[in-house]
Amino acid sequence: MKKILIIGGGASGMMAAIEASKMGNQVHIYEKNEKLGKKLFITGKGRCNFTNNCNTDEMLKSIYRNPRFMYGSLNDFSNEDCIKFFESLNLKTKVERGNRAFPLSDRSSDIIKALKDELKRRNVSIHLNLQVKDINYTEDKIFSHIILNNGEKIEGDICIIATGGLSYPTTGSTGDGYRFAKKLGHEITDTYPSLVPIEVKEPWVSYLQGLSLKNVKLIVPNTSKKNKFIYNEFGEMMFTHFGITGPLVLSLSALVGEYLKNEPLKAYIDLKPALSFDELDSRILRDFHEFANKSFKNSLSKLLPSKIIPIIIMLSEINEDKKVHDITKEEREKLVYLIKHFEITLTKLRGYNEAVITRGGVNVKKINPKTMESRLVKNIYFVGEVLDLDACTGGFNLQIAWSTGYSCGLHLGD
Ligand SMILES: Cc1cc2nc3c(=O)[nH]c(=O)nc-3n(C[C@H](O)[C@H](O)[C@H](O)COP(=O)(O)OP(=O)(O)OC[C@H]3O[C@@H](n4cnc5c(N)ncnc54)[C@H](O)[C@@H]3O)c2cc1C
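In our numbering, the protein residues as written are 71 to 484.
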């Protein structure tokens with residue numbers, strides 16, 4: 071029987087505890103908050119999109135950073151296993167659009183309750199309101215003890231670091247795990263807020279606040295590689311008073327942090343991606359025939375959302391009062407171009423306070439992908455978001471937490 075100390079009672083820490091306790095180990099969770107799973111509670115807008123019921127290929131494609139590192143743990147505990155696991159804890163689940171899995175009750179608190187009941191059933195000791203301040207190892211590089219904020223020294227056989235990243239710090243993720251990892255000799259890859267809104271330079275963007283665009287294409291060319299894109303996807307996005315957000319933008323945010331560190335990036339919205347340039351031109355021509363005697367500003371209502379029309383008119387440099395029948399071919403072509411290349415300048419990701427996850431973290435090169443054990447200090451393990459693993463929205467980030475936590479618990483001491 072081993073004494074196992076887990077730092078952090080979030081998704082990955084609780085899963086590691088459940089699995090580790092199966093071997094008859096004495097498992098302790100140290101959580102600095104007053105309760106377990108504070109972040110889990112707010113996931114999926116309070117509904118907890120706890121995994122994604124997709125196939126393995128899609129699962130791996132949805133993991134942006136180090137998907138190969140996840141082969142072993144997804145094999146130990148797949149998304150399918152995850153659904154079965156919660157069902158086995160008497161939690162009914164459902165799968166919605168995009169294969170997103172939720173508790174049938176739509177309550178994240180039910181996920182937390184299921185986990186807490188299981189921890190209790192397995193006699194895991196929970197220590198709340200206790201922050202781990204420090205972690206120590208022997209001269210032979212073997213884990214020895216942790217130090218709590220009350221000064222207490224706790225010895226153990228194994229330590230699992232499940233402290234999460236930096237996003238939503240009010241939930242307890244304040245980067246302590248990175249500090250511990252550095253002390254143990256681990257490299258931390260650059261961290262960025264991810265799955266986060268993006269700020270835009272154009273001052274008129276605040277005028278578009280609240281405008282939601284469906285079925286548009288968001289394109290970010292890679293200026294250093296001709297004809298290559300950093301991002302080129304269809305979907306839904308929204309304007310805010312500072313820039314853009316919504317599903318397309320959150321996915322984009324995972325890819326542009328490194329670029330925005332150096333300079334702003336041009337992005338283009340194709341407002342009519344289903345129409346080619348010529349098709350859109352013909353469509354506008356038809357509208358212009360219909361509205362031939364109207365002024366330009368009153369001719370676009372069938373084509374575009376009303377909020378964006380004044381901006382398109384301004385950018386087109388066509389006098390808004392010009393009669394439609396007086397608009398030249400060149401002017402019309404410029405309008406078509408604008409609608410298919412609505413240009414904005416991305417300046418900055420919003421901060422960790424608004425980021426669903428942290429990109430970057432403990433470099434996985436020095437972590438055993440089968441067991442999650444540090445390759446530098448024996449009997450110390452890392453699980454969940456503290457690792458340099460991240461995925462898109464849809465339940466994939468929690469699956470990373472469950473799978474790495476499970477594999478760690480399963481292979482402890484291997
Ligand atoms: C608003 C929001 C919505 C989200 N929605 C979804 C979703 O629907 N689906 C999805 O897949 N993912 C979602 N995520 C991401 C997901 O919540 C995280 O990826 C996941 O919680 C990471 O789990 P973790 O166990 O690694 O870290 P966390 O859940 O952050 O847990 C870490 C725990 O460690 C504790 N801790 C930290 N340092 C110490 C210390 N020194 N001593 C003691 N305790 C410590 C913290 O208090 C915290 O409780 C969402 C995130 C946010 C912010």
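For each residue, glycine too, the CB sits at the ideal point set by N, CA and C. Every value quoted in this text rests on a predicted model; they were computed, and no experiment measured them.
In this model, Y207 and I300 are separated by some 43 Å (Cα to Cα). Looking at the backbone, the Cα of M71 and that of S91 are separated by about 10 Å. For F111, the shortest separation between its Cβ and any heavy atom of ligand 1 does not lie below 7 Å.
With 16 or more other Cβ atoms inside 10 Å of its own Cβ, F156 counts as buried. Taking all protein chains shown into account, E89 has 16 or more neighbouring C-beta atoms within 10 Å of its C-beta and is therefore buried. Look at G313 here: in three-state DSSP terms it is strand.
Rounded to whole angstroms, I153 and G245 show a C-alpha spacing of 29 Å. About 20 Å separates the beta carbons of R170 and G454, which is beyond the 8 Å limit, so they are not a contact pair. For the set N95, I231 and K102, the Cα lying nearest the Cα of V447 is the one of I231. For Y141, the distance from the CB to the nearest heavy atom of ligand 1 is not below 7 Å. In this structure, I314 and I268 form a Cβ contact; the two beta carbons are roughly 6 Å apart against a cut-off of 8 Å. Approximately 6 Å separates the beta-carbon atoms of L254 and I450; this is inside 8 Å, confirming the contact.
Excluding five sequence positions before and after G316, the CB atoms of its chain that fall closer than 6 Å to its own CB belong to E306, M307 and M308, given in chain order. When secondary structure is reduced to three states using DSSP, H359 falls in the helix class.
Between the segment 274-286 and the segment 375-385, the count of C-beta pairs closer than 8 Å reaches three or more; the two stretches touch.
With respect to the 8 Å criterion, I470 and F452 are not classified as neighbours on the basis of their beta carbons. Within the DSSP secondary-structure output, A337 pairs in a beta bridge with I414.
At least one heavy atom of ligand 1 lies closer than 7 Å to the C-beta of V426. Listed in chain order, the non-local C-beta contacts of A324 below 7 Å within the same chain comprise Y134, S264, L265, R429, D460 and C462, local neighbours out to five positions each way being set aside.
Counted as a single uninterrupted DSSP element, the alpha helix (DSSP H) harbouring T126 occupies residues T126 to S132. A distance below 8 Å separates the beta carbons of I409 and K342. Rounded to the nearest angstrom, the Cβ distance from N145 to V434 is 16 Å, too far for a contact under 8 Å.
Closer than 7 Å to some heavy atom of ligand 1: that describes the Cβ of T244. For I77, the shortest C-beta to heavy atom distance toward ligand 1 is below 7 Å. A distance below 7 Å between beta-carbons, with the five flanking residues on each side excluded, links Y262 to the following residues of its chain, in chain order: G327, L419, R429 and G430. Closest in C-alpha terms to N292, from the list E333, I258 and Y422, comes E333. Scanning E222, T240, D227 and V426 for the CA closest to the CA of I212 turns up D227. Within the same chain, D351, I354, L355 and F358 come within 8 Å of R402 by CB-CB distance, once the 5 residues on both sides are set aside. Taking the Cβ of A81 as the reference point, at least one heavy atom of ligand 1 falls within a distance shorter than 7 Å. Contact between I182 and F120 is ruled out by a C-beta separation of about 11 Å, above the 8 Å threshold. For secondary structure counted as the alpha helix (DSSP H) over 4 or more consecutive residues, the segment 186-225 holds no complete run.
Here M140 carries a helix assignment [DSSP, helix/strand/coil].
In this structure, the beta-carbon distance from L416 to V270 falls below 8 Å. Under the three-state reduction of DSSP output, D460 falls in the strand class. In the three-state scheme derived from DSSP, where H, G and I count as helix and E and B as strand, C152 is classed as helix.
Not one heavy atom of ligand 1 falls within 7 Å of the beta-carbon of G168.
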